[in-house]
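Enquirer: Heads up: the sequence shown begins at 4 in the working numbering, then just goes up one per residue. All residues carry an ideal CB built from backbone N, CA and C; glycine is no exception.
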Amino acid sequence: MSVGLAALLDDVAALARLAAASIDDVGAAAGRASAKAAGVVVDDAAVTPRYVQGLSPKRELSVIGRIAKGSLRNKLLVILPAALLLSQFLPWLLTPILMVGGTYLCYEGAEKLWEKVSGHHAPEKPSTAEGVDQEQTVVSGAIRTDFILSAEIMVIALNEVADEPFVSRAIILVVVALGITALVYGVVALIVKMDDIGLALAQRTSSMSRGLGNGLVKAMPVVLATLSAVGVVAMLWVGGHILLVGAEELGWHAPYDIVHHLEEAVHDAVSGAGAVLGWLVNTIASAIIGLVVGAIVVAVMHLVPRRTAH
(Lines of atoms letter the chains of each structure in order from A; the text may use other names.)
(Lines give C-alpha, C1' and ligand atoms only; values in the text may rest on other atoms or scores of the structure.)
Protein backbone atom coordinates (compact mmCIF):
# COMPACT_ATOMS: atom_id res chain seq x y z
CA MET A 4 0.00 0.00 0.00
CA SER A 5 2.76 2.44 0.97
CA VAL A 6 4.79 1.42 -2.10
CA GLY A 7 1.79 2.11 -4.35
CA LEU A 8 1.21 5.47 -2.67
CA ALA A 9 4.87 6.40 -3.08
CA ALA A 10 4.74 5.46 -6.76
CA LEU A 11 1.58 7.53 -7.22
CA LEU A 12 3.23 10.51 -5.54
CA ASP A 13 6.26 10.10 -7.80
CA ASP A 14 3.98 10.10 -10.85
CA VAL A 15 2.17 13.21 -9.59
CA ALA A 16 5.50 14.95 -8.98
CA ALA A 17 6.70 14.01 -12.48
CA LEU A 18 3.48 15.35 -13.99
CA ALA A 19 3.84 18.56 -11.98
CA ARG A 20 7.42 18.99 -13.23
CA LEU A 21 6.25 18.35 -16.80
CA ALA A 22 3.43 20.88 -16.41
CA ALA A 23 5.84 23.44 -14.96
CA ALA A 24 8.24 22.88 -17.85
CA SER A 25 5.37 23.26 -20.32
CA ILE A 26 4.32 26.52 -18.67
CA ASP A 27 7.91 27.75 -18.87
CA ASP A 28 8.04 26.78 -22.57
CA VAL A 29 4.76 28.57 -23.27
CA GLY A 30 5.97 31.65 -21.40
CA ALA A 31 9.27 31.68 -23.29
CA ALA A 32 7.54 31.19 -26.64
CA ALA A 33 5.02 33.93 -25.84
CA GLY A 34 7.90 36.22 -24.91
CA ARG A 35 9.68 35.55 -28.23
CA ALA A 36 6.48 36.03 -30.19
CA SER A 37 5.70 39.31 -28.40
CA ALA A 38 9.24 40.60 -29.01
CA LYS A 39 8.87 39.93 -32.75
CA ALA A 40 5.72 42.08 -32.79
CA ALA A 41 7.35 44.94 -30.86
CA GLY A 42 7.45 47.32 -33.83
CA VAL A 43 3.71 47.01 -34.44
CA VAL A 44 3.07 47.42 -30.70
CA VAL A 45 4.95 50.75 -30.70
CA ASP A 46 2.89 51.90 -33.67
CA ASP A 47 -0.34 50.84 -31.93
CA ALA A 48 0.64 52.79 -28.80
CA ALA A 49 1.58 55.82 -30.93
CA VAL A 50 -1.69 55.85 -32.89
CA THR A 51 -4.26 55.40 -30.12
CA PRO A 52 -3.83 58.60 -28.01
CA ARG A 53 -5.16 60.80 -30.82
CA TYR A 54 -8.60 59.22 -30.46
CA VAL A 55 -9.18 60.83 -27.08
CA GLN A 56 -7.99 64.32 -28.05
CA GLY A 57 -10.64 66.85 -27.11
CA LEU A 58 -12.55 64.51 -24.79
CA SER A 59 -13.38 65.50 -21.25
CA PRO A 60 -10.59 64.21 -18.94
CA LYS A 61 -13.25 62.29 -17.00
CA ARG A 62 -14.14 60.27 -20.12
CA GLU A 63 -10.61 59.53 -21.41
CA LEU A 64 -9.96 56.35 -19.42
CA SER A 65 -13.48 55.07 -20.09
CA VAL A 66 -13.02 55.46 -23.85
CA ILE A 67 -9.55 53.86 -23.75
CA GLY A 68 -11.05 50.96 -21.80
CA ARG A 69 -13.75 50.47 -24.44
CA ILE A 70 -11.14 50.53 -27.23
CA ALA A 71 -9.03 47.99 -25.31
CA LYS A 72 -12.03 45.65 -24.93
CA GLY A 73 -12.76 45.96 -28.65
CA SER A 74 -9.12 45.22 -29.44
CA LEU A 75 -9.19 42.12 -27.24
CA ARG A 76 -12.39 40.92 -28.93
CA ASN A 77 -10.73 41.41 -32.31
CA LYS A 78 -7.74 39.34 -31.26
CA LEU A 79 -9.52 36.50 -29.40
CA LEU A 80 -12.79 36.07 -31.29
CA VAL A 81 -11.86 36.89 -34.90
CA ILE A 82 -8.12 36.98 -35.58
CA LEU A 83 -7.02 34.11 -33.31
CA PRO A 84 -9.45 31.46 -34.67
CA ALA A 85 -8.74 32.49 -38.28
CA ALA A 86 -4.97 32.41 -37.73
CA LEU A 87 -5.09 29.02 -36.03
CA LEU A 88 -7.22 27.51 -38.80
CA LEU A 89 -4.87 28.86 -41.43
CA SER A 90 -1.80 27.56 -39.61
CA GLN A 91 -3.42 24.13 -39.26
CA PHE A 92 -4.88 23.64 -42.75
CA LEU A 93 -3.24 26.25 -45.03
CA PRO A 94 0.14 27.01 -43.41
CA TRP A 95 1.64 28.04 -46.77
CA LEU A 96 -0.66 31.10 -46.76
CA LEU A 97 0.85 32.54 -43.57
CA THR A 98 3.99 33.95 -45.23
CA PRO A 99 2.09 35.73 -48.06
CA ILE A 100 -0.43 37.12 -45.56
CA LEU A 101 2.41 38.26 -43.33
CA MET A 102 4.06 39.96 -46.31
CA VAL A 103 0.81 41.75 -47.20
CA GLY A 104 0.71 43.06 -43.63
CA GLY A 105 4.39 44.01 -43.88
CA THR A 106 3.67 45.96 -47.07
CA TYR A 107 0.87 47.78 -45.28
CA LEU A 108 3.27 48.72 -42.46
CA CYS A 109 5.78 50.01 -45.03
CA TYR A 110 3.01 52.06 -46.66
CA GLU A 111 1.90 53.53 -43.33
CA GLY A 112 5.45 54.50 -42.39
CA ALA A 113 6.24 56.00 -45.80
CA GLU A 114 2.91 57.84 -45.86
CA LYS A 115 3.67 59.48 -42.51
CA LEU A 116 7.11 60.53 -43.78
CA TRP A 117 5.54 61.92 -46.96
CA GLU A 118 3.07 63.94 -44.90
CA LYS A 119 5.94 65.45 -42.89
CA VAL A 120 8.02 66.25 -45.98
CA SER A 121 5.18 67.56 -48.15
CA GLY A 122 3.23 69.28 -45.41
CA HIS A 123 0.00 67.64 -46.59
CA HIS A 124 -1.69 65.84 -43.72
CA ALA A 125 -4.76 63.67 -43.88
CA PRO A 126 -7.61 65.38 -42.07
CA GLU A 127 -7.97 64.06 -38.54
CA LYS A 128 -11.25 63.94 -36.68
CA PRO A 129 -10.52 64.47 -33.00
CA SER A 130 -13.38 63.76 -30.67
CA THR A 131 -14.05 67.34 -29.63
CA ALA A 132 -17.78 66.85 -29.34
CA GLU A 133 -19.39 65.29 -26.30
CA GLY A 134 -22.16 62.75 -26.22
CA VAL A 135 -22.78 59.03 -26.57
CA ASP A 136 -22.99 59.07 -30.38
CA GLN A 137 -19.71 60.95 -30.79
CA GLU A 138 -17.90 58.67 -28.36
CA GLN A 139 -19.25 55.58 -30.08
CA THR A 140 -18.02 56.90 -33.44
CA VAL A 141 -14.57 57.49 -31.98
CA VAL A 142 -14.44 54.05 -30.34
CA SER A 143 -15.64 52.29 -33.51
CA GLY A 144 -13.03 54.06 -35.65
CA ALA A 145 -10.25 53.24 -33.20
CA ILE A 146 -11.26 49.57 -33.06
CA ARG A 147 -11.29 49.35 -36.87
CA THR A 148 -7.77 50.79 -37.04
CA ASP A 149 -6.65 48.51 -34.22
CA PHE A 150 -7.97 45.47 -36.12
CA ILE A 151 -5.30 45.82 -38.81
CA LEU A 152 -2.51 46.28 -36.29
CA SER A 153 -3.83 43.46 -34.10
CA ALA A 154 -4.00 41.12 -37.09
CA GLU A 155 -0.37 41.91 -37.90
CA ILE A 156 0.68 41.36 -34.28
CA MET A 157 -1.07 38.00 -34.08
CA VAL A 158 0.24 36.74 -37.44
CA ILE A 159 3.80 37.78 -36.52
CA ALA A 160 3.42 35.97 -33.20
CA LEU A 161 1.93 32.89 -34.89
CA ASN A 162 4.76 32.79 -37.42
CA GLU A 163 7.24 32.67 -34.53
CA VAL A 164 5.57 29.61 -32.95
CA ALA A 165 4.32 27.85 -36.09
CA ASP A 166 6.20 24.66 -35.19
CA GLU A 167 4.47 24.27 -31.82
CA PRO A 168 1.56 21.81 -31.38
CA PHE A 169 -1.92 23.20 -32.05
CA VAL A 170 -2.95 23.53 -28.38
CA SER A 171 0.36 25.17 -27.45
CA ARG A 172 -0.05 27.59 -30.35
CA ALA A 173 -3.53 28.52 -29.15
CA ILE A 174 -2.38 29.06 -25.55
CA ILE A 175 0.66 31.10 -26.62
CA LEU A 176 -1.45 33.35 -28.85
CA VAL A 177 -3.98 33.90 -26.06
CA VAL A 178 -1.12 34.90 -23.73
CA VAL A 179 0.28 37.23 -26.42
CA ALA A 180 -3.16 38.78 -27.05
CA LEU A 181 -3.79 39.42 -23.35
CA GLY A 182 -0.26 40.63 -22.61
CA ILE A 183 0.11 42.97 -25.59
CA THR A 184 -3.37 44.45 -25.19
CA ALA A 185 -2.69 45.16 -21.50
CA LEU A 186 0.73 46.63 -22.33
CA VAL A 187 -0.42 48.84 -25.21
CA TYR A 188 -3.51 50.29 -23.56
CA GLY A 189 -1.84 50.55 -20.16
CA VAL A 190 0.88 52.68 -21.76
CA VAL A 191 -1.73 54.67 -23.70
CA ALA A 192 -3.70 55.37 -20.51
CA LEU A 193 -0.51 56.51 -18.77
CA ILE A 194 0.44 58.79 -21.67
CA VAL A 195 -3.03 60.31 -21.90
CA LYS A 196 -3.26 61.02 -18.16
CA MET A 197 0.35 62.16 -17.73
CA ASP A 198 -0.52 65.82 -18.26
CA ASP A 199 -3.33 65.56 -15.69
CA ILE A 200 -0.87 64.01 -13.24
CA GLY A 201 1.53 66.85 -14.00
CA LEU A 202 -1.15 69.50 -13.41
CA ALA A 203 -2.10 67.88 -10.10
CA LEU A 204 1.52 67.85 -8.96
CA ALA A 205 2.06 71.44 -10.12
CA GLN A 206 -0.72 72.62 -7.76
CA ARG A 207 0.91 71.15 -4.65
CA THR A 208 2.75 73.24 -2.09
CA SER A 209 6.02 71.33 -2.33
CA SER A 210 8.50 72.96 -4.70
CA MET A 211 9.75 69.51 -5.75
CA SER A 212 6.23 68.39 -6.66
CA ARG A 213 5.57 71.62 -8.57
CA GLY A 214 8.80 71.26 -10.50
CA LEU A 215 8.05 67.64 -11.36
CA GLY A 216 4.50 68.52 -12.38
CA ASN A 217 5.58 71.39 -14.62
CA GLY A 218 8.24 69.14 -16.12
CA LEU A 219 5.65 66.46 -16.96
CA VAL A 220 3.33 68.98 -18.60
CA LYS A 221 6.17 70.45 -20.70
CA ALA A 222 7.50 67.01 -21.59
CA MET A 223 4.24 65.64 -22.99
CA PRO A 224 4.51 67.22 -26.49
CA VAL A 225 8.09 65.90 -26.73
CA VAL A 226 7.01 62.43 -25.56
CA LEU A 227 4.19 62.27 -28.11
CA ALA A 228 6.42 63.54 -30.93
CA THR A 229 9.16 61.04 -30.01
CA LEU A 230 6.67 58.20 -29.79
CA SER A 231 5.28 59.12 -33.21
CA ALA A 232 8.79 59.20 -34.74
CA VAL A 233 9.72 55.87 -33.16
CA GLY A 234 6.46 54.41 -34.45
CA VAL A 235 7.30 55.45 -38.04
CA VAL A 236 10.80 53.97 -37.84
CA ALA A 237 9.42 50.80 -36.25
CA MET A 238 6.84 50.38 -39.02
CA LEU A 239 9.48 50.69 -41.75
CA TRP A 240 11.91 48.40 -39.93
CA VAL A 241 9.39 45.68 -39.06
CA GLY A 242 7.64 45.88 -42.43
CA GLY A 243 10.91 45.74 -44.34
CA HIS A 244 12.20 42.84 -42.25
CA ILE A 245 8.97 40.89 -42.80
CA LEU A 246 9.31 41.36 -46.57
CA LEU A 247 13.01 40.45 -46.47
CA VAL A 248 12.47 37.20 -44.56
CA GLY A 249 9.26 36.38 -46.43
CA ALA A 250 10.94 36.73 -49.83
CA GLU A 251 13.69 34.38 -48.67
CA GLU A 252 11.13 31.82 -47.48
CA LEU A 253 9.31 32.01 -50.83
CA GLY A 254 12.52 31.30 -52.75
CA TRP A 255 13.91 34.75 -53.60
CA HIS A 256 17.17 34.47 -51.63
CA ALA A 257 19.25 37.33 -53.05
CA PRO A 258 18.04 40.28 -50.89
CA TYR A 259 18.25 38.28 -47.65
CA ASP A 260 21.68 36.88 -48.56
CA ILE A 261 23.08 40.37 -49.27
CA VAL A 262 21.84 41.76 -45.94
CA HIS A 263 22.97 38.65 -44.07
CA HIS A 264 26.48 38.82 -45.57
CA LEU A 265 26.77 42.52 -44.67
CA GLU A 266 25.63 41.76 -41.13
CA GLU A 267 28.20 38.97 -40.78
CA ALA A 268 30.98 41.12 -42.28
CA VAL A 269 30.37 43.91 -39.76
CA HIS A 270 30.03 41.39 -36.94
CA ASP A 271 33.39 39.79 -37.77
CA ALA A 272 35.20 43.07 -38.49
CA VAL A 273 34.46 44.74 -35.15
CA SER A 274 35.37 43.02 -31.92
CA GLY A 275 33.24 43.55 -28.84
CA ALA A 276 30.46 45.62 -30.38
CA GLY A 277 30.23 43.46 -33.51
CA ALA A 278 26.95 41.82 -32.52
CA VAL A 279 25.24 45.15 -31.86
CA LEU A 280 26.61 46.74 -35.04
CA GLY A 281 25.64 43.67 -37.07
CA TRP A 282 22.09 43.89 -35.74
CA LEU A 283 22.11 47.60 -36.56
CA VAL A 284 23.15 46.86 -40.16
CA ASN A 285 20.27 44.39 -40.49
CA THR A 286 17.85 46.89 -38.96
CA ILE A 287 18.94 49.76 -41.22
CA ALA A 288 18.79 47.55 -44.30
CA SER A 289 15.29 46.37 -43.34
CA ALA A 290 14.18 49.98 -42.80
CA ILE A 291 15.57 51.00 -46.21
CA ILE A 292 13.72 48.13 -47.88
CA GLY A 293 10.58 49.17 -45.99
CA LEU A 294 11.00 52.78 -47.09
CA VAL A 295 11.50 51.84 -50.77
CA VAL A 296 8.50 49.50 -50.83
CA GLY A 297 6.39 51.97 -48.88
CA ALA A 298 7.35 54.84 -51.17
CA ILE A 299 6.29 52.81 -54.21
CA VAL A 300 2.90 52.04 -52.63
CA VAL A 301 2.44 55.68 -51.59
CA ALA A 302 3.22 56.83 -55.14
CA VAL A 303 0.70 54.37 -56.57
CA MET A 304 -1.95 55.36 -54.02
CA HIS A 305 -1.49 59.03 -54.85
CA LEU A 306 -1.41 58.52 -58.61
CA VAL A 307 -4.48 56.29 -58.88
CA PRO A 308 -6.98 58.88 -57.48
CA ARG A 309 -5.56 61.57 -59.80
CA ARG A 310 -5.87 59.38 -62.89
CA THR A 311 -9.38 58.37 -61.85
CA ALA A 312 -10.38 62.01 -61.41
CA HIS A 313 -8.80 62.91 -64.76
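Do the CB positions of S289 and W255 come within less than 7 angstroms of each other?
Expert: no
Enquirer: Exposed or buried, V301, counting other C-beta atoms within 10 Å across all chains shown (16 or more means buried)?
Expert: buried
Enquirer: Check whether the Cβ atoms of L265 and V284 lie closer than 7 angstroms to each other.
Expert: yes
Enquirer: Who are the near neighbours of A205 in its chain, counting only those whose CB is closer than 7 angstroms to its CB and skipping five residues on each side?
Expert: R213, G216, N217, V220
Enquirer: I'd like to know whether the C-beta atoms of T184 and L75 end up nearer to each other than 7 angstroms.
Expert: yes
Enquirer: For Y110, I'd like the list of residues in its chain whose CB is within less than 7 angstroms of its CB, leaving aside the five on either flank, ordered along the chain.
Expert: Contacts found: G297, V300, V301.
Enquirer: Are the beta-carbon atoms belonging to M238 and G112 less than 7 angstroms from one another?
Expert: Their beta carbons are under 7 angstroms apart, which means M238 touches G112 by this criterion.
Enquirer: Check each candidate in M223, A180, V236 and name the one with the smallest Cα separation from S153.
Expert: A180
Enquirer: Taking the straight line between their C-alpha atoms, what separation do you get for R62 and H270?
Expert: Here the alpha carbon of R62 sits roughly 51 angstroms from the alpha carbon of H270.
Enquirer: Can you check the stretch 184-210 for any alpha helix (DSSP H) of at least 4 residues that lies completely inside it and give the ranges in chain order?
Expert: none
Enquirer: Look at the Cβ atom of I82, then the Cβ atom of Y188, and state whether they are nearer than 7 angstroms.
Expert: no
Enquirer: Hey, how far is the Cα of F169 from the Cα of I146?
Expert: 28 angstroms
Enquirer: Residues in the same chain with beta-carbon distance under 8 angstroms from I245, minus the five sequence neighbours each way, listed in chain order, please.
Expert: L101, M102, G104, G105, L108, I159
Enquirer: Measure how close the beta-carbons of L87 and V177 come, nearest whole angstrom, since I'm counting them as under 8 angstroms.
Expert: About 10 angstroms separates the two Cβ atoms, so there is no contact after all.
Enquirer: If you draw a straight line from the alpha carbon of L186 to that of L64, how long is it in whole angstroms?
Expert: 15 angstroms
Enquirer: Which whole-angstrom value describes the C-beta separation of L116 and V235, a residue pair presumed to lie in contact below a C-beta threshold of 8 angstroms?
Expert: Separation of the CB atoms of L116 and V235 is rounded to 6 angstroms, and the pair is thereby assigned contact status at 8 angstroms.
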